[in-house]
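Residue numbers (the working numbering), protein chains in the order written: chain V, 8 to 79; chain G, -7 to 379. By construction, the Cβ of each residue, glycine as well, lies at the ideal position given by its N, Cα and C atoms. Bear in mind the structure is a predicted one, so any value in this text is a computation, not a measurement. Have a look at the structure below, then the notes.
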Amino acid sequence: MVPDHQIMSEEEVQQLYSLYNITSEQLPKIYHDDPAVKVIGAKVGDVIRIVRTSHTAGRAESYRLVIKRPKK
Amino acid sequence: MNPEFEEAIRDASLPDKTKQQLRSFLEGKEITREQFSTILDRVINEYMNTRIEACEAVGIIAAQSIGEPGTQMTMRTFHYAGVAEINVTLGLPRLIEIMDARKEPSTPTMTIYLQEEFSGDRDRAREVSWQIEAAPLHEFGDIVIDMENMQIVVQLNAAVCDKRKISVADIVEIAPRKIRDRRHYRDFDHEVDEKGAVMYFMPKDKESYQNLFQLAEHVRNVIVQGIDDIERVVVRKESGEYILYTEGSNLKDVFEVVGVDTTRTRTNNISEISQVLGIEAARNAIIHEALSTLNEQGIMVDVRHIMLVADMMCMDGEVKQIGRHGIAGEKESVLSRAAFEVTVNHLLDAAVANEVDELSGVTENVIVGQPIQLGTGDVKLIAKPLN
């Protein structure tokens, strides 16, 4: 059920931003205490590449920005 | 296949699944280089044509595509989903549950797959099920209320304990501890005769029969084996392997049981998945649950619509409901929010906070009577004016 999560290098992140012409704010988010984030040891501010097995495309890449869980 | 073709397919900008289909189509067919490049070009062309245009209002398409068949769904279905006696909420109530991102579904249930060594053998599957199913103390022996001596006598049945793979020593240790910790009842003492497999429970207040009976109730129902939240387990054989279906759900504890295949085991409690396995697993669970709920009723909705909904719900790192506490309540525009639910509150808050509405969305422009800012612009782009 859990797809593969990888931490992206700084270069890859810059490439991603210029490819889609976006800023980090526009990426989907993931909390720093998410179990999958804890496993790979990503820090707040990292961008994570998620390789999903997609129903439509077979394999799809998605990206999430690690943020701190807001206090309730 | 010609390695040259293989390379061309690999480098083409197509999704993996299409490439795979193309490969299996070309497998064993004699084609010339020219034919191949025509095929590949056409496939790429076709793929490009099927892609959604930028600025297309996919949300509205998804809403209609799920909403219309949704009206055909049975309003109330309490189904026994093929599995012996396990009741699962299905149909519209279940779909609403998923979209509302409830903390707990009305009928939590798990589908537990077993590791290979356990899944082939009924007895071994049963052994795993005993580790999971919550079993109260009265299933392991006779419980007698001795009113003369103001005590409760538990005579454990060694044969049952042996069959259930739990030792008398374990039960003797677990039972009093769990009555204190889990059931929060502490006004008693206990004595143990491990050799004779007998336990004695005495209430602290020797005068009150009420206390004695209260204690007896706790002793009878204390869970000594299995996981507390899982009330029932049904073992079933499906496509050659034994699978456990449960009533009640506790993903974390089930994962720790020996013999459980943690990669395939799933629960219908989405918020539990997001806590134990993370937001991406929750996204997958939403897609799977929504799709199977719809398909079970014979309603075929394209996955893409459901994927869009699941993506929206999981965008911010936690599962958000589709409603005023989730996605709809976080819209930028005041008028759009006010048009949805609790109108006065939104208008009042917006007035106090001096909010400005940019009138960029659909709802706002309908309210003020302006043309909406929506669409791909295809008409202007593709149809060139003659002069």
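- Leaving aside the five residues that flank Ser98/G on each side, the residues in its chain whose CB is nearer than 6 Å to its CB run, in chain order, Thr81.
- Residues of chain G with a Cβ closer than 7 Å to the Cβ of Gly65/V are, in chain order, Pro7, Asp8, Lys9 and Gln12.
- As the crow flies, the alpha-carbon of Ala49/G is around 45 Å from that of Gly232/G.
- For the pair of segments examined, the region 181 to 195 of chain G was found not to touch the region 235 to 242 of chain G: the number of CB pairs separated by less than 8 Å stays below three.
- DSSP lists Ile57/V as the beta-bridge partner residues of His12/V.
- Taking all protein chains in view, the Cβ of Gly112/G is surrounded by fewer than 16 other Cβ atoms within 10 Å, so the residue is classified as exposed.
- Spatial neighbours of Val246/G in its own chain (CB-CB distance under 7 Å, excluding positions within 5 residues in sequence) are listed in chain order as Met102, Ile104, Ile124, Ile219, Val252 and Thr257.
- Interface annotation for the region 236 to 263 of chain G against chain V: Arg258, criterion Cβ-Cβ distance under 7 Å.
- By the neighbour-count criterion, in which a residue is buried when 16 or more other Cβ atoms sit within 10 angstroms of its Cβ, Lys196/G is exposed.
- Here Met299/G is buried, its C-beta having at least 16 other C-beta atoms within 10 Å.
- In the structure shown, Met194/G falls within a strand segment according to DSSP collapsed to helix, strand and coil.
- DSSP places His182/G within a strand segment (E or B) once states are collapsed to three.
- In this structure, the straight-line span from the alpha carbon of Asn149/G to that of Phe132/G is close to 6 Å.
- Looking at the backbone, the Cα of Ile215/G and that of Ile135/G are separated by about 14 Å.
- With respect to Val120/G, Ile171/G sits apart: the two C-beta atoms are not nearer than 8 Å.
- Between Ala117/G and Val249/G, the CB-CB gap reaches or exceeds 8 Å.
- A Cβ of chain G is located within less than 8 Å of the beta carbon of Asp41/V.
- Put simply, the backbone Cα of Ile78/G is about 42 Å away from that of Lys11/G.
- Per DSSP, the continuous alpha helix (DSSP H) segment holding Ala161/G begins and ends at Val160 to Asp173.
- Between Cys47/G and Gly353/G, the C-beta gap is not smaller than 8 Å, which leaves the two residues out of contact.
- Put simply, of Val334/G, Gln313/G and Ala0/G the residue whose alpha carbon is nearest the alpha carbon of Ala93/G is Gln313/G.
- Residue range Asp370 to Ile374 is occupied by the alpha helix (DSSP H) that includes Lys372/G.
- For Ile37/V, the closest Cβ of chain G is nearer than 8 Å.
- Restricted to the region 95 to 144 of chain G, the beta strand (DSSP E) segments that are unbroken, complete and at least 3 residues in length are 101 to 105 and 133 to 138, listed in chain order.
- A residue is called buried once 16 or more other Cβ atoms fall within 10 Å of its Cβ, and Ile158/G is buried on that count.
- Arg228/G carries a strand assignment under DSSP once its states are collapsed to helix, strand and coil.
- Against chain G, the CB of Val54/V has no partner CB under 8 Å away; the residue lies outside that interface.
- With a 10 Å radius around the Cβ and a threshold of 16 neighbouring Cβ atoms, Leu286/G comes out buried.
- Contact between Leu106/G and Tyr234/G holds, with the beta-carbon distance rounding to 6 Å and staying under 8 Å.
- Take the alpha-carbon of Arg224/G and the one of Asn213/G: they are about 15 Å apart.
- Contact annotation: Leu34/V and Val54/V have beta-carbon atoms nearer than 8 Å.
- For Ser69/V, the secondary structure class from DSSP, reduced to helix, strand or coil, is strand.
- In the DSSP assignment, Val252/G forms a beta bridge with Leu106/G.
- By the Cβ criterion, the region 65 to 73 of chain V is in contact with the region 4 to 20 of chain G, since at least three pairs of Cβ atoms, one from each stretch, lie closer than 8 Å.
- In this structure Phe193/G is buried. Its beta-carbon is surrounded by 16 or more other beta-carbon atoms within 10 angstroms.
- Here Asp138/G is exposed, its C-beta having fewer than 16 other C-beta atoms within 10 Å.
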